[in-house]
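Notes follow once the structure below has been shown.
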Amino acid sequence: MTGHLVQSGCEPLVSVVMANHCGAPFLAAAIQSVLGQSHAKLELIVVDDASRDNSVEIIRSLAASDARLRLLALPQNCGPAAARNAGLDAARGEWVAVVDADDLIEPDRLAQLLHLARAFQADIVADDLAFFMEGAAPHHRLLGGLELSEPTTITPEMLITERAAARGASVQFGYLKPMIRRQFAKTARYNEQLRIGEDYELLLRLVLEGARLCVTPQSFYHYRRHSASLSHRLSTNTARAMLQSHDDLARVYAATSPGIRAAFEHRRQILSEQLAYEHLVEALKQRRFGTAANAVLRRPALIRRLAVSVRERLARRGHPVVLFG
581 MTGHLVQSGC EPLVSVVMAN HCGAPFLAAA IQSVLGQSHA KLELIVVDDA SRDNSVEIIR
641 SLAASDARLR LLALPQNCGP AAARNAGLDA ARGEWVAVVD ADDLIEPDRL AQLLHLARAF
701 QADIVADDLA FFMEGAAPHH RLLGGLELSE PTTITPEMLI TERAAARGAS VQFGYLKPMI
761 RRQFAKTARY NEQLRIGEDY ELLLRLVLEG ARLCVTPQSF YHYRRHSASL SHRLSTNTAR
821 AMLQSHDDLA RVYAATSPGI RAAFEHRRQI LSEQLAYEHL VEALKQRRFG TAANAVLRRP
881 ALIRRLAVSV RERLARRGHP VVLFG
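Going letter by letter, the sequence shown gives residues 581 to 905 in my numbering.
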């Protein structure tokens, strides 16, 4: 087994946690992008969530040539939150970073995030995300609408409302892939009741507990979009779980300040509308048209949201369509 040169002992060890479930087509590239970091003092913990493909063989093959790569193979599928929690339990670094098994990071990402943390005395740091599809250049950035020109501290109110600029631009902070100081990472746990939104819930909870979050407009993380991705697939069950998680946090933290209370109320309205929309989609799929009509009568805005969704889906399939003007 060959080793890998590391920086001097004063450099912090970074634990990278990567949860994987049947991600064999992209897994090797994701692992290699982590092991190829300029900040070489790292450990990569890949938690395989009972994959049915050859993911475990890929991990073991790569681990044979780099001792920094560790495999945790779960005996049964537990979901992404539980898999990441297993990785957090095994992490030994002063910092813990999250990288998904189908994404890529640039060689200087960890070094740049460590520099950001030192410069701003942050407990959690994250960079912008560049979204891409296989064979295409990055076409969208997560924080682009905020027009940030320098690193920015994100407050709890910004996280809750997902708005971080005077001009009212919004951003889905839950997509961020943070690096967390061990002080907070050692007690951090993902909410295992969530299949979607677990990243956001953990990030928000840590910031509400006093962790300082700093984000940079620079993008060193490349987020792969593909048909098997879970992050964009909502349903009535996932939307209901997200609303329940929100209410649980609000009961604990809403009294912290009037601003935080107002932010929670704002977000609850958005999540309630999302749940109503998922009920509408479910009713249409099940051909319960009376139920769907009643839902639209109660919330007329749902019909325009449905129209936008249909337009986007048809456009992706190469069938441009005009709905409602």
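Where is the CB? At the ideal position from N, CA and C, for every residue including glycine. Please read all numbers here as calculations on a predicted model, not as lab measurements.
| Check | Outcome |
| --- | --- |
| In chain order, which alpha helix (DSSP H) runs of at least 4 residues are fully inside the stretch 784 to 836? | 816 to 833 |
| In angstroms, rounded to a whole number, what distance separates the CA positions of T741 and I840? | 9 Å |
| Since L855 and R805 are thought to touch, with beta carbons under 8 Å apart, how far apart are those beta carbons, to the nearest angstrom? | Wrong, their Cβ atoms sit about 24 Å apart, outside the cutoff. |
| What's the gap between the Cα of N657 and the Cα of S631? | 8 Å |
| Below 8 Å, can you find three or more Cβ-Cβ pairs linking the stretch 588 to 597 to the stretch 664 to 680? | yes |
| So, at 8 Å on beta carbons, what are the nonlocal neighbours of P731 in its own chain, with the 5 sequence-adjacent residues on each side left out? | L696, A699, F700, C794, V795, T796, P797 |
| In angstroms, rounded to a whole number, what distance separates the CA positions of A663 and N771? | 11 Å |
| Considering only residues of the same chain and omitting the five flanking positions on each side of A653, which have a CB-CB separation below 7 Å? | D628, V636 |
| Given that a residue counts as buried once 16 or more other Cβ atoms are within 10 Å of its Cβ, and exposed if not, what is A609? | exposed |
| With a threshold of 16 other CB atoms inside 10 Å of the CB of E778, please say whether the residue is buried or exposed. | buried |
| Closest to E858 by C-alpha separation, out of A671, Q752, R885, A661, would be which residue? | R885 |
| Quick one: using the 10 Å Cβ neighbour count with 16 as the cut-off for buried, is V888 buried or exposed? | exposed |
| Hey, out of R689, I685, T767, S618, whose CA is closest to F606's CA? | I685 |
| Would you kindly report the start and end of the unbroken alpha helix (DSSP H) that includes T871? | 869 to 878 |
| In the DSSP assignment, what residue or residues form a beta bridge with S595? | E623, V676 |
| So for T733, helix, strand or coil by DSSP? | strand |
| So, helix, strand or coil for A671, using DSSP? | coil |
| Using the three-state DSSP reduction, which class does I685 fall into: helix, strand or coil? | strand |
| Taking the beta carbon of G790 as the centre, do at least 16 other beta carbons fall within 10 Å, making it buried, or is it exposed? | exposed |
| Three-state secondary structure (DSSP) at M738? | helix |
| Which of the three DSSP states is assigned to I760 in this structure? | strand |
| Under a three-way DSSP split, which group does N634 fall into? | coil |
| If we ignore side chains and look at the alpha-carbon of each, how far apart do M875 and Y755 end up? | For the record, residue 875 in the displayed sequence is Ala; it is not Met. Cα to Cα, A875 sits roughly 30 Å from Y755. |
| Where G727 and D708 are concerned, what is the direct C-alpha to C-alpha distance, given to the nearest angstrom? | Sequence check: residue 727 is Glu here, not Gly. Rounded to the nearest angstrom, the two C-alpha atoms are 11 Å apart. |
| Tell me which same chain residues have a C-beta within less than 8 Å of the C-beta of F844, skipping the five on either side of it? | I740, H826, L829, A830, Y833, A834 |
| Alpha carbon to alpha carbon, how far is F711 from N600? | 19 Å |
| In chain order, what residues of the same chain lie with their CB nearer than 6 Å to the CB of E591, ignoring the 5 residues before and after it? | K621 |
| In terms of alpha-carbon separation, which member of V626, Y801, D683 lies closest to N665? | V626 |
| Please list, in chain order, all residues of the same chain as L882 whose beta carbon is under 7 Å from its beta carbon, the five residues on each side excluded. | A856, Y857, L860, A875, V876 |
| Name the residue from G659, I638, P660 whose alpha carbon lies nearest to the alpha carbon of L651. | I638 |
| On the DSSP bridge list, what partners appear for F711? | H720, Y803 |
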